[in-house]
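Here's the structure we're looking at; comments come further down.
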Amino acid sequence: MIMTKFASALVLTCALVPCALGMVGCKGKAASETVTAEPEIRGPKTVKFDPKALERLGVKVDVAGSAAKDYTFDVVGTLDYNYDNYAEIGSIADGRITSIHFRVGERVKKGDVLANLLVPDV
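This note's numbering puts the sequence shown at residues -11 to 110.
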């Protein structure tokens, strides 16, 4: 009989302790304690670097702008087509191209319409 009372008390204690802990942790907040989120700052962000670290790494920082320097140079060479990627396309009728359906570098297959040609004589 003592063992049954002890077991009943143990089961009751094990059931009530979590409930009591849950009630202690669930305190309601007063109206004056409402949490407000800080507004998200939009716009440009600034990153600042240590000037000594930049100097040590050899990074040069300057204001963006156009330079009045002449960047042309003369070279000797030959300019030619890449014959693996070259094709001559023509028309048997004289006319004017009104629209082009592909760009340079796009793959085409047999039967694709490359361009529309306006032929006034026809």
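No residue lacks a Cβ here, since even glycine has one placed at the ideal position from N, Cα and C.
Please read all numbers here as calculations on a predicted model, not as lab measurements.
query: My output table needs one value for N104: the three-state DSSP class, helix, strand or coil.; result: strand
query: How is the alpha helix (DSSP H) around R84 delimited, first residue to last?; result: Note, R84: premise wrong, no alpha helix (DSSP H); beta strand (DSSP E) at R84 to I88.
query: Are there three or more Cβ pairs, one per stretch, closer than 8 Å when the region 81 to 96 is compared with the region 59 to 67?; result: no
query: Please list, in chain order, all residues of the same chain as V107 whose beta carbon is under 6 Å from its beta carbon, the five residues on each side excluded.; result: A81 and G83
query: How big is the Cα-Cα spacing for P32 and V96?; result: 44 Å
query: Determine, using beta carbons only, whether L102 and I77 come nearer to each other than 8 Å.; result: yes
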